[in-house]
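**Student:**
There are 2 protein chains.
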Amino acid sequence: MPSVGTEGVKRGYVIPIGGAEEKIQHQDILKRFVEISSGSEARIAIIPTASELEDTGDNYVKLFKELGVAEAVSLNITTRSEAQVDSTIEVLNQATGIFITGGNQLRLSTILGGTPVAQAIRKLNAHGTHVAGTSAGAAIIPEHMIAGGEPGGTPKQGSVSLCPGLGLTNRLIIDQHFRQRDRLGRLMSAVAYNPFLIGLGLDEDTAAFIDPEGVLHVEGSGAITIVDPSDLEYSGIDRASHGDTISLIGMRVHVLTKGCTYIPETGAAAFPA
Amino acid sequence: MPSVGTEGVKRGYVIPIGGAEEKIQHQDILKRFVEISSGSEARIAIIPTASELEDTGDNYVKLFKELGVAEAVSLNITTRSEAQVDSTIEVLNQATGIFITGGNQLRLSTILGGTPVAQAIRKLNAHGTHVAGTSAGAAIIPEHMIAGGEPGGTPKQGSVSLCPGLGLTNRLIIDQHFRQRDRLGRLMSAVAYNPFLIGLGLDEDTAAFIDPEGVLHVEGSGAITIVDPSDLEYSGIDRASHGDTISLIGMRVHVLTKGCTYIPETGAAAFPA
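Residue numbers (numbering that gives the first Met the number 0), protein chains in the order written: chain A, 0 to 272; chain B, 0 to 272.
Pasting the structure below:
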């Protein structure tokens with residue numbers, strides 16, 4: 000669930016996207032993000048820090064303008080000192096929506112971690128600004144981020160590494176390109192380390208729109224796989240050596256598609272009526 | 000710094016210990032823990048879950064009784080279902096101090112994570128119960144725990160793995176047996192992943208008494224090494240391949256001994272007058 004906001008203040012949506020969201024034909028995910036960010040009055044701030052391609056930010060500026068927003072600005076943050084510039088924070092303060100692009104999530108954590116930009120994103124989201132991130136931009140959203148790992152269907156000791164993320168949600172851990180890169184095993188491993196976590200595996204062109212009340216709505220053409228360990232009876236992670244498969248008893252898994260909802264706080268999943 | 004407590008309520012001390020605290024001669028650390036937990040009126044609940052030795056809990060019961068506490072009880076929690084037993088929660092509720100023993104920290108995270116016992120420890124500490132942990136018991140204290148890693152003095156990509164801990168502190172990351180097991184490199188790697196973190200390397204027989212106001216007091220015969228990245232200018236973690244040394248520019252390090260203080264919130268370190 001999203002981190003606790005200030006009492007009486009409605010927090011913004013948190014929107015992790017599994018990467019490769021459709022940008023040309025049916026742009027359901029980007030359209031919905033623009034819509035909740037005030038449509039034709041939306042001001043979108045884009046953070047292209049994860050990407051090492053020079054035109055990533057500009058491409059999203061173009062895309063959001065085509066979708067009819069009032070303003071779209073790409074922020075130039077490639078070093079830790081650039082993550083402290085006042086004019087950059089000002090653009091974030093004025094935004095109705097913040098969009099974090101894909102690339103390498105370790106660039107996001109190591110360049111933004113602990114800086115005024117990271118603090119601003121967290122605070123703004125708690126006070127109503129919507130934050131979306133795709134691929135690496137989705138991974139960085141929670142308190143605990145998947146830094147890297149190995150593909151495969153079964154959980155193995157040492158197959159995933161975690162590090163702190165932005166902290167916009169506290170119990171969720173997010174993996175992306177989920178079906179495309181065969182990542183169920185590493186998501187299960189991450190959750191097995193500490194079953195306080197709830198795993199969210201996002202297929203490409205699929206997004207979790209987590210609303211201010213903490214209800215997750217599935218959007219896009221793929222599925223979201225939920226790995227819920229709240230009834231876990233046994234995990235063998237403390238006995239497994241590096242590379243060993245981890246035995247797990249009682250893990251609950253949901254596969255949710257467009258229109259389904261899930262409430263991380265209660266574990267309740269529902270399909271569209 | 001410790002997690003935010005309820006307004007107007009004084010939280011308890013958080014006391015990570017670097018392992019192998021002196022138990023026979025000058026028991027400075029255990030004595031100080033008993034003292035702040037109400038001395039002769041102290042009721043200590045011991046969590047021996049990390050250990051696979053049968054007598055770990057009983058040995059601490061004996062030790063605390065010799066130090067003159069009113070009550071010392073070892074809790075039998077070896078499975079996730081035992082971490083939900085009402086009578087166990089009741090012992091925790093009645094305790095003035097909770098002591099988490101050493102062993103394997105993955106047993107702590109995987110057996111306690113997300114259970115009523117973990118929730119109770121977090122809530123009780125926010126409301127005034129003191130919580131100490133030694134070795135594995137220290138590692139589990141923060142929001143981000145070191146699950147494992149490799150020894151060595153320089154930070155290397157892939158030399159450390161993290162997972163969620165109990166969440167009694169949010170920005171600290173704790174390593175133990177620090178000097179004895181040559182762990183500076185892995186602590187620096189952990190902090191480099193996301194420089195939001197502050198690293199605490201605890202030597203054996205050395206403890207950080209973090210008081211309700213967020214001031215850390217060093218106790219014991221060794222040192223605490225603080226790894227503070229708040230002025231970090233550059234980290235090469237996103238460019239390093241597995242096993243490569245990570246370049247870091249601008250990391251600040253303090254080595255603090257008995258009587259020194261440190262305030263994680265402000266970064267201020269002080270030596271005894």
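Don't be surprised by glycine CBs; every beta carbon is placed ideally from N, CA and C.
For B/P228, which residues in chain A fall below 9 Å Cβ to Cβ?
**Tutor:** G112, G113
**Student:** Check each candidate in B/G96, B/S220, B/R251 and name the one with the smallest Cα separation from B/H25.
**Tutor:** Nearest to B/H25 by C-alpha distance, out of B/G96, B/S220, B/R251, is B/S220.
**Student:** Determine, using beta carbons only, whether A/D237 comes closer than 7 Å to chain B.
**Tutor:** yes
**Student:** What residues from chain A crowd round B/S80, counting only those whose CB sits closer than 8 Å?
**Tutor:** E232
**Student:** For A/G11 and A/G127, which I take to be in contact (beta-carbon distance under 8 Å), what is that distance rounded to the nearest angstrom?
**Tutor:** 5 Å
**Student:** Against A/T109, what residues of chain B qualify as contacts under a CB-to-CB distance less than 8 Å, listed in chain order?
**Tutor:** A191, Y192, N193, P194, S234, I236, D237
**Student:** Helix, strand or coil for A/D210 per DSSP?
**Tutor:** coil
**Student:** Heavy atom of the ligand FMN less than 6 Å from the Cβ of B/D227, yes or no?
**Tutor:** Absence of the ligand FMN from the depicted structure is noted, as is the absence of any ligand whatsoever, leaving it without description.
**Student:** For B/V33, which option in B/S50, B/A19, B/P47, B/V60 has the closest C-alpha, if you only look at C-alpha atoms?
**Tutor:** Of B/S50, B/A19, B/P47, B/V60, the residue nearest in Cα terms is B/V60.
**Student:** Check whether chain A comes within 7 Å of B/N92, counting only Cβ atoms and requiring the distance to be less than that.
**Tutor:** no
**Student:** On the CB-based measure, 16 or more other CB atoms within 10 Å of its CB, does B/Q93 come out buried or exposed?
**Tutor:** exposed
**Student:** Taking just the CA atoms, how far does B/H176 sit from B/P154?
**Tutor:** 17 Å
**Student:** Can you tell which of A/T265, A/Y233, A/R182 has its C-alpha closest to the C-alpha of B/E81?
**Tutor:** A/Y233
**Student:** B/S158 touches chain A at which residues, Cβ-Cβ below 9 Å?
**Tutor:** Within chain A, no residue comes near B/S158; the closest Cβ sits about 10 Å away, beyond 9 Å.
**Student:** Can you look up B/T128 in the DSSP assignment and give me helix, strand or coil?
**Tutor:** Annotated three-state conformation of B/T128 is coil, per DSSP.
**Student:** For A/P263, go through chain B and note every residue whose CB falls closer than 7 Å to its CB, in chain order.
**Tutor:** Neighbours of A/P263 on chain B: none; closest Cβ ~12 Å, over 7 Å.
**Student:** According to DSSP, B/R251 sits in a beta bridge with which residue or residues?
**Tutor:** B/D227
**Student:** Could you pull the start and end residues of the beta strand (DSSP E) that A/L52 belongs to?
**Tutor:** That residue, A/L52, is in no beta strand (DSSP E); it is neither H nor E in DSSP.
**Student:** With B/L66 and B/K22 assumed to form a contact (beta carbons below 8 Å), what rounded beta-carbon distance in angstroms separates them?
**Tutor:** The Cβ separation is near 10 Å, so there is no contact.
**Student:** Need the endpoints of the alpha helix (DSSP H) that B/V90 sits in, please.
**Tutor:** 85-93
**Student:** Can you check whether the CB of A/I197 is closer than 7 Å to the CB of A/L171?
**Tutor:** yes
**Student:** Given A/T260, which residues of its chain have a CB within under 6 Å of its CB, disregarding the five upstream and five downstream residues?
**Tutor:** Excluding sequence neighbours, A/T260 sits near V214, H216, A269.
**Student:** Would you mind stating whether B/D181 and B/I145 have Cβ atoms separated by less than 7 Å?
**Tutor:** no
**Student:** Assess contact between the stretch 190-205 of chain B and the stretch 111-119 of chain A, defined as three or more Cβ pairs (one per stretch) separated by less than 8 Å. Is contact present?
**Tutor:** yes
**Student:** Using the beta-carbon of each residue, which ones in chain B are nearer than 7 Å to A/H126?
**Tutor:** When 7 Å is used as the limit between beta carbons, A/H126 is near no residue of chain B, the shortest such separation being about 17 Å.
**Student:** What residues of chain A sit near B/L105, judged by a beta carbon separation below 8 Å?
**Tutor:** Y192, I236, D237
**Student:** Please report the straight-line C-alpha distance between A/I28 and A/K257, rounded to a whole angstrom.
**Tutor:** 11 Å
**Student:** Between the C-alpha atoms of B/G242 and A/G242, what's the straight-line distance to the nearest angstrom?
**Tutor:** 17 Å
**Student:** To test your reading of the DSSP string, which unbroken alpha helix (DSSP H) runs of 4 or more residues are found completely within the stretch 115-192 of chain B?
**Tutor:** 115-125, 135-138, 183-192
**Student:** Using only the alpha-carbon positions, how far apart do A/I120 and B/S73 sit?
**Tutor:** About 44 Å.
**Student:** DSSP beta-bridge partners for A/P15?
**Tutor:** A/G132
**Student:** Does the beta carbon of B/C259 come closer than 7 Å to any beta carbon on chain A?
**Tutor:** At a cut-off of 7 Å between beta-carbon atoms, B/C259 makes no contact with chain A.
**Student:** Helix, strand or coil for A/R42 per DSSP?
**Tutor:** strand
**Student:** Helix or strand or just coil, what does DSSP make of B/D243?
**Tutor:** coil
**Student:** Given a cut-off of 7 Å, decide if A/D230 and A/G249 are closer than it, judged by their beta-carbon atoms.
**Tutor:** Between A/G249 and A/D230, the gap from beta carbon to beta carbon is short of 7 Å.
**Student:** Does B/E81 come out as helix, strand or coil in the three-state DSSP assignment?
**Tutor:** helix
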